[in-house]
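A.B. asks: Protein chains in written order, with the working numbering: chain A, 458 to 783; chain B, 2 to 613.
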Amino acid sequence: MDRRHFLASLVAAGVVAPLAARAQADRALRIGTISPTAPIAAESPFGKILIEDLAQHGYVIGRNLTFDARGAMGDIAKLKPLLSELVAGHVDVLVATGYPAVVAAKATGVPTVVAWGVGDPVATRLVESYAHPGGSVTGISDVATTLTAKRLELLKEVAPKLHRVAMLWNRNDLGMSLRYEASAKTAESIGVDVQALGVREPDDFDGVFTAMDREPPDAILMVADSLTSLNRKRVFDYAAAQRLPAIYEYDFLIRDGGLMSYGPDWRECLARAAAMVDRIAKGAKPGDLPFEQPTRYSFVFNLKVAKGIGLQPPPELLALADEVIE
Amino acid sequence: MTDAAPGPSSPAPLVGAPPRGRLLRKYIALFAAVVCAAVLGNGLVEIWFLYREQTASLTRMQSEQADAAAGKISQFIGEIENQLGWTTQIPWSVGTAEQRRFDARRLLRQVPAITELSQLDATGKERLRVSRLGLDSVDGGADFSTDPKFTEAVAHKVYVGPVYFRNDSEPYMTLAMTGVRRESGVTVAEVNLKFIWDVVSRIKVGRSGQAFVVDATGRLIAHPDIGLVLRNTDLSHFAQVQAAQAAAGRVPGEADRPTVTESIQGKRVISASAPVARLGWRVFAELPLSEAYAPLYASLERTGIIVLIGLAGAFLAGLFLARRMVVPIRALQAGAERIGGGDLGYRVEVRTGDELETLADQFNTMSAELRESKAREERVGRLRRFLTAQLADVIESSGSEALLESHRREVTVVFCDLRGFTAFAEAAEPQEVMRILGEYHAGLGALINKYEGTLERFVGDGLMMLFNDPLPCPDPSLRAVRMAIEMRDCVAALAIGWRQRGHALGFGIGIAHGETTLGRIGFEGRFDYSAIGTVPNLAARLCAEARNGQILIDPKVEGAVAGLVECEVLGELVLKGIRLPVRAVNVLGLRDAAGDAPVRSVASSAAAAARI
């Protein structure tokens, strides 16, 4: 027995093994984000939050995380080639927002975590059930179908004389269609007509405004979607010009100039999405990770916009707001 | 073989030598056994105590953690109850419906865990419902008067419903309360139990341990891995859950004893549980065994390393000692071989300062003694040629041959030979000559020894003997005469047989006494002890004069034995080489003890007869 060799092998076993283990751990997690609108890039507001959340789980860009963002900028047809790029880059997990993006992501078979924007995933058959999604997609629901009715209720409180609500939504989006159908039913029960204004492409918005000019609504309900989000400024401007109260799904739209919003706390959604990405990175199958429901919902009101359209909201409602922008 | 003389400078030939291998194995085995037994014994004792202490402290800690967690969950539900409490204080007659709705919505805002809140009036009709998700309703009027959330709340003030799962996934629970007055109705809250996740995920059980909550039926309500909860996981078949449920019915607190079992994730864990007050739930605090007993494993590892080091040490010590032993032993072995091979001058060199050195010294002493003994043997062999065996031994044991140095002394010289031997020897067959000489010498040799005479030399049939030298004796002449008489008788007896075979051989003796020169003569490799001078000469002449059966003695001998022997005077003899004539006397025999009558032996009579 060669003593020197023996010692050398001992040392090697002690030193090389941990190094190898570290090298294994250092293999970066590759995340791709896919959005039907603007990409959720690392420097975007959502991207920043998502990256902070991932850091909570120990993933840091440049060390063990690559972050590749793609956005179709409203052109749904682009989703497929964009996803092909991500797949070619061997992404481990996709973080997707919006129904069309998730549907396209599901087709790739890459584990996909939905951050928001798919409505009822069971009804749209994205997943088998909440408890056991079954396929390659899991995520967190935005409860949009249910909340649409709740939003109508809030509109009614702001404008008690509400009769007709223009609902702006994307016809190409099955999630959106479900939302529209659900809210149409609700609207009847609270004595409101829903003026369905579905759009398919950005140019359709001109038609939407024309239609509203023709039949003026008492309020606008805008369903957050790639197409509608892209055109949000035009909607804000139109609502301000026509002095129409409007409700939106997410609070960031209110900071941009919307009147009010009621919806899930998207920070929570991103945090949960990051947690699921972590689980998948550690070997869990998306099909085994339950599709979650948000726990926190926020009601945000922009008092400045309200003043701009001469709206005097009930003080009780303001008291219930989680955030009032002055 | 002798060339492979072992030494520290040449260890190579030793490697693989069987004797060394055996010693090596024995030593290493012995050392390893001793070291390992000590280290393992110590390690096991340490580990045993560590195990006992660790188990005890873990038991305590785990139970405390489970209790604390149960307390926190209890507190969480308790806070919701407190928040609900005030809504039940106001009777339905007070305040508008809108006011009530506003209060309820504000409660929802304050308590995120409540997803829906409804108020039932004293008859069980729903008067108000507010929700985070669905539409609010005022005076919906749905009848809950038979629903347990109404009946139970009325009966017990507080009703805690079973855990249910919305969308088969999200855990919820109904909490209903009545106010102090019956007419204030019942407030019902649907509580989203996912909020307990905040509580359990903050509970730290060790470094990697977990706390989780199950309801009375064993279903998972809260777990740091929220996915498990949302998957509606049933844990009722887990050993720790079953044990806790079984024990809950018996002695309180017994279920709190931690058990070692398998966790949901399939790890071996120490599991302790505590009941959550009023809810029928149980909080489990589980710590992986790998972490719980990490100090134990570390200790085991340490012991293992020490055993390995000990083994290495034992191996080296064995190697060293075996070398220490084998090198001198091989030296001894080689020494023994060389000494056995006849090299008595070989010295075994061992300088170990221990028993082995003593042994080597004894080896050297032994070889020196062997050498000495061999030299002595050689000397004795030489002496025995001309001394009797006794004399040779005496001279040898005296340590020196000083006795044999040249000197002068009074000695009695005896000369004897056979008559007619020369003629016989020429005529007879050599074998016959040698046979007769053999009989003759054998008979005389025994008598020389008997009378302790010194056989100076013999030449064929002639023998010359000395008395009083080299060892002195008190009566050399008498001894000489006595011996001579017996010799005469002996040869006379032999002569009867010879005559029968046709050989006529006579025997004569001459004895003289006087001072003569004695000493060793000869040359290297061949020394003799010899008497020189007139006395031997005289004895030889007397012998030559003696006829068959005669013993001629000179006057000095005659004087010495006067009165003790019977003699006959033969007269003056002129002898060759002797200046004066010598009075010759023939000894006939010994007188008896009284000294009167001469005792003549049969042989001498026979000799006399033969003469006639």
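Heads up, the beta-carbon is just placed ideally off N, CA and C, and yes, glycines get one too.
#1: Could you name the residues of chain B that residue 600 of chain A contacts, counting a contact when the two beta carbons are closer than 8 Å?
#2: Hey, residue 32 of chain B and residue 318 of chain B are a contact pair by Cβ (cut 8 Å); roughly how many whole angstroms apart?
#3: Since residue 593 of chain A meets chain B, which of its residues come closer than 7 Å, beta carbon to beta carbon?
#4: Could you tell me which chain A residues have their CB closer than 9 Å to the CB of residue 141 of chain B, listed as they occur along the chain?
#5: If you measure from the beta carbon of residue 43 of chain B to each beta carbon in chain A, is any gap under 9 Å?
#6: Can you tell me the Cα-Cα spacing of residue 613 of chain A and residue 96 of chain B, whole angstroms?
#7: Against residue 768 of chain A, what residues of chain B qualify as contacts under a CB-to-CB distance less than 9 Å, listed in chain order?
#8: State yes or no: is the C-beta of residue 450 of chain B within less than 9 Å of the C-beta of residue 508 of chain B?
#9: Quick one: grab the DSSP three-state call for residue 29 of chain B.
#10: Under 9 Å between the Cβ atoms of residue 98 of chain B and residue 139 of chain B?
#11: Count the CB pairs spanning the stretch 283 to 292 of chain B and the stretch 206 to 218 of chain B that are closer than 8 Å, and state whether there are at least three.
#12: Tell me the DSSP bridge mates of residue 434 of chain B?
#13: Along the stretch 156 to 186 of chain B, where does the CB come closer than 7 Å to a CB of chain A? Name the residues.
#14: Quick one: is residue 228 of chain B near chain A, going by C-beta distance under 9 Å?
#15: Cβ closer than 7 Å: which chain A residues qualify as neighbours of residue 103 of chain B?
#16: Mind pulling the chain B residues with CB within less than 9 Å of residue 678 of chain A?
#17: List the whole-angstrom C-beta distance separating residue 415 of chain B from residue 485 of chain B, where the pair is believed to meet the contact cut-off of C-beta under 8 Å.
#18: List the residues of chain D that residue 231 of chain B touches, going by C-beta distances under 9 Å, in chain order.
#19: Report, in whole angstroms, the separation of the C-beta atoms of residue 55 of chain B and residue 273 of chain B, which I expect to be a contact under 8 Å.
#20: Please name the residue, chosen from A:628, A:590, A:600, A:649, that lies closest to residue 617 of chain A on a Cα-to-Cα basis.
#21: I need the boundaries of the beta strand (DSSP E) containing residue 263 of chain B, first residue and last residue.
#22: My output table needs one value for residue 127 of chain B: the three-state DSSP class, helix, strand or coil.
#23: In terms of residue numbering, what span does the alpha helix (DSSP H) encompassing residue 157 of chain B cover?
#24: Quick one: is residue 579 of chain A near chain B, going by C-beta distance under 9 Å?
#25: Could you check which residue in B:163, B:201, B:489, B:227 has the C-alpha nearest to that of residue 597 of chain A?
#26: Buried or exposed: where does residue 599 of chain A fall if 16 or more other Cβ atoms within 10 Å of its Cβ makes it buried?
#27: Suppose you measure from the CA of residue 482 of chain A to the CA of residue 568 of chain A; what does that come to, to the nearest Å?
#28: Using a Cβ-Cβ cutoff of less than 8 Å, which residues in the same chain neighbour residue 572 of chain B once the five nearest sequence positions on both sides are dropped?
#29: On a CA-only basis, which of B:182, B:542, B:203, B:589 is nearest residue 582 of chain B? Give me that one, please.
#30: Return the residues of the stretch 111 to 137 of chain B that lie within a Cβ-Cβ distance of less than 7 Å from chain A, sorted by chain order.
#31: Can you find a C-beta in chain B that's less than 9 Å from the C-beta of residue 563 of chain A?
#32: What does DSSP give as the partner residues of residue 455 of chain B in its beta bridges?
#33: Write down the C-beta distance between residue 195 of chain B and residue 163 of chain B rounded to the nearest angstrom, noting that I regard them as a contact closer than 8 Å.
#34: Given that residue 754 of chain A touches chain B, what residues does it touch there, using C-beta distances under 7 Å?
#35: Let's see if you can read the secondary structure: which residues bound the beta strand (DSSP E) around residue 529 of chain B?
#36: In the structure shown, what three-state DSSP assignment does residue 478 of chain B receive?
C.D. replies: Taking the coordinates as given:
#1: Taking the first sequence and counting its residues from 1, one reaches residue 600 of chain A at position 143. Residues of chain B passing the Cβ test: 134.
#2: In the second sequence, counting from the first residue as 1, residue 32 of chain B sits at position 31. In the second sequence, counting from the first residue as 1, residue 318 of chain B sits at position 317. At roughly 5 Å, the Cβ-Cβ gap stays under 8 Å, so residue 32 of chain B and residue 318 of chain B are in contact.
#3: Taking the first sequence and counting its residues from 1, the one referred to as residue 593 of chain A is at position 136. Under the 7 Å cutoff, chain B gives no residues; its nearest Cβ is about 16 Å from residue 593 of chain A.
#4: For the purposes of this step, residue 141 of chain B is taken as the residue at position 140 of the second sequence. None at all; the shortest Cβ gap to chain A is about 12 Å.
#5: Position 42 of the second sequence, counted from the start, is the residue given in the question as residue 43 of chain B. Answer no: the Cβ-Cβ gap between residue 43 of chain B and chain A never drops below 9 Å.
#6: Your numbering for residue 613 of chain A matches position 156 in the first sequence. Your numbering for residue 96 of chain B matches position 95 in the second sequence. Their Cα atoms are separated by approximately 23 Å.
#7: As a working mapping, residue 768 of chain A is identified with position 311 in the first sequence. Per Cβ cutoff of 9 Å: no residues; residue 768 of chain A is ~19 Å from chain B at best.
#8: As a working mapping, residue 450 of chain B is identified with position 449 in the second sequence. As a working mapping, residue 508 of chain B is identified with position 507 in the second sequence. Taking 9 Å as the cut-off, the Cβ atoms of residue 450 of chain B and residue 508 of chain B do not count as close.
#9: Numbered from 1 along the second sequence, position 28 holds the residue referred to as residue 29 of chain B. Residue state, collapsed to three classes: helix.
#10: If you number the second sequence from 1, residue 98 of chain B lands on position 97. If you number the second sequence from 1, residue 139 of chain B lands on position 138. Against a cut-off of 9 Å, the Cβ pair of residue 139 of chain B and residue 98 of chain B comes out as a contact.
#11: yes
#12: As a working note, residue 434 of chain B is residue 433 in the second sequence. Bridge partners of residue 434 of chain B: none, in fact.
#13: Of all residues in the stretch 156 to 186 of chain B, the ones placed with a Cβ closer than 7 Å to any Cβ belonging to chain A are 168, 169, 170, 171, in chain order.
#14: By 1-based counting over the second sequence, the position of residue 228 of chain B is 227. Under the 9 Å criterion on CB atoms, residue 228 of chain B is classed as interfacial with respect to chain A.
#15: Numbered from 1 along the second sequence, position 102 holds the residue referred to as residue 103 of chain B. The contacting residues are 773.
#16: Numbered from its first residue, the first sequence carries residue 678 of chain A at position 221. Under the 9 Å cutoff, chain B gives no residues; its nearest Cβ is about 14 Å from residue 678 of chain A.
#17: The residue given as residue 415 of chain B occupies position 414 in the second sequence. The residue given as residue 485 of chain B occupies position 484 in the second sequence. The Cβ separation is near 6 Å, so the contact holds.
#18: The question asks about chain D, but that chain is absent: this structure's protein chains are A and B.
#19: Position 54 of the second sequence, counted from the first residue, corresponds to residue 55 of chain B. Position 272 of the second sequence, counted from the first residue, corresponds to residue 273 of chain B. Rounded, the Cβ-Cβ distance is 15 Å, inconsistent with contact.
#20: Your numbering for residue 617 of chain A matches position 160 in the first sequence. Checked all of A:628, A:590, A:600, A:649; the closest Cα to residue 617 of chain A is A:649.
#21: As a position in the second sequence, residue 263 of chain B is number 262, starting the count at 1. Looking at the DSSP string, the run of the beta strand (DSSP E) that includes residue 263 of chain B is 260 to 263.
#22: What you label residue 127 of chain B is simply residue 126 of the second sequence in a count that begins at 1. Residue 127 of chain B falls in the strand class under three-state DSSP.
#23: As a working note, residue 157 of chain B is residue 156 in the second sequence. Here the alpha helix (DSSP H) through residue 157 of chain B covers 149 to 157.
#24: In the first sequence, residue 579 of chain A corresponds to position 122, counting from 1. Chain B, which has a Cβ nearer than 9 Å to the Cβ of residue 579 of chain A, makes this yes.
#25: The residue labelled residue 597 of chain A in the question sits at position 140 within the first sequence. Checked all of B:163, B:201, B:489, B:227; the closest Cα to residue 597 of chain A is B:227.
#26: Here residue 599 of chain A is taken as the residue at index 142 of the first sequence, counted from 1. Burial call: buried.
#27: As a working mapping, residue 482 of chain A is identified with position 25 in the first sequence. As a working mapping, residue 568 of chain A is identified with position 111 in the first sequence. In this predicted model, residue 482 of chain A has a pLDDT of only 48, less than 50, meaning its place in the structure is not dependable enough to derive any value.
#28: Position 571 of the second sequence holds residue 572 of chain B. Residues 584, 585 of the same chain have their beta carbon placed closer than 8 Å to that of residue 572 of chain B, with the five preceding and five following residues left out of the count.
#29: Position 581 of the second sequence, counted from the start, is the residue given in the question as residue 582 of chain B. Nearest option by C-alpha distance: B:542.
#30: For the stretch 111 to 137 of chain B, the set of positions with a beta-carbon nearer than 7 Å to some beta-carbon of chain A reads 113, 133, 134, 135, 136, 137 in chain order.
#31: Here residue 563 of chain A corresponds to residue number 106 of the first sequence, with the count starting at 1. So no, residue 563 of chain A is outside the interface.
#32: Against the second sequence, residue 455 of chain B aligns to sequence position 454. In DSSP, residue 455 of chain B forms a bridge with B:467.
#33: Residue numbering aside, residue 195 of chain B sits at position 194 when the second sequence is read from its first letter. Residue numbering aside, residue 163 of chain B sits at position 162 when the second sequence is read from its first letter. Contact flag wrong, Cβ pair sits at about 17 Å.
#34: Translated into positions along the first sequence, residue 754 of chain A becomes position 297. The answer, in chain order, is 133.
#35: Locating residue 529 of chain B in the second sequence gives position 528, counting from the first residue. Unbroken beta strand (DSSP E) run through residue 529 of chain B: 527 to 533.
#36: In the second sequence, counting from the first residue as 1, residue 478 of chain B sits at position 477. Residue state for residue 478 of chain B is assigned as helix, using DSSP reduced to three classes.
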